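**Q**
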Amino acid sequence: MDVSLTQRMRSTLAAVYYNHEKPILFRINDDETFDGLKQQLNELNRTTNNQNDNRTVSSLKYRKPSIGSDGRITFTDMMLENNDDIQTMFSIFEQYSNRGPIELDATLTRSVKAILASLVRPEDRNNVSI
Numbered sequence: 001m002d003v004s005l006t007q008r009m010r011s012t013l014a015a016v017y018y019n020h021e022k023p024i025l026f027r028i029n030d031d032e033t034f035d036g037l038k039q040q041l042n043e044l045n046r047t048t049n050n051q052n053d054n055r056t057v058s059s060l061k062y063r064k065p066s067i068g069s070d071g072r073i074t075f076t077d078m079m080l081e082n083n084d085d086i087q088t089m090f091s092i093f094e095q096y097s098n099r100g101p102i103e104l105d106a107t108l109t110r111s112v113k114a115i116l117a118s119l120v121r122p123e124d125r126n127n128v129s130i
């Protein structure tokens, strides 16, 4: 099998917390881009929460693990904003991969355009038919 094809097929288990709700498990391709990950999370939200949900990921954080001197694991939020951040996330995760999935916090918001489109227009009181 072609090595590049094998590398593209590798993926890592991850858990995403949308707006701090219960986690949803999914897989991230190990060569994923920042924009690709956001799009994957938007699609995952629509398939698991509500098909008509027009919210999109507005911010994304990696719950970066570290082990204290007492052996306890603590998490620090690391903002993900570009492809370099995604590569850093995978690099850090490799050090702690036996500790569970990659954990992400995704904030979902609606665009102004989506909010305006969902508003119900008031009836025109001057155009009442009797």
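Residue numbers for the sequence shown follow the UniProt record's numbering, beginning at 1 and rising by one.
Even for Gly, the Cβ is constructed at its ideal location relative to N, Cα and C.
Because the structure is a prediction, the values reported are computed rather than measured.
1) Do you know offhand how far F75's Cα is from G100's?
2) To the nearest angstrom, how far is the alpha carbon of L80 from that of L44?
3) Should R10 be labelled buried (16 or more other beta-carbon atoms within 10 Å of its own) or exposed?
4) Would you list the residues sitting across from L60 in a DSSP beta bridge?
5) CB V57 to CB L25, shorter than 8 Å?
6) Determine the contact status of L60 and A106, defining contact as a CB-CB distance below 8 Å.
7) Could you say which of T48, G36, R110 and H20 lies nearest to R63 if we only look at CA atoms?
8) Can you tell me whether DSSP reads S66 as helix, strand or coil?
9) Tell me whether the beta-carbon of F34 lies closer than 8 Å to the beta-carbon of D77.
**A** On the basis of the supplied data:
1) 13 Å
2) 18 Å
3) exposed
4) A106
5) no
6) yes
7) H20
8) strand
9) no
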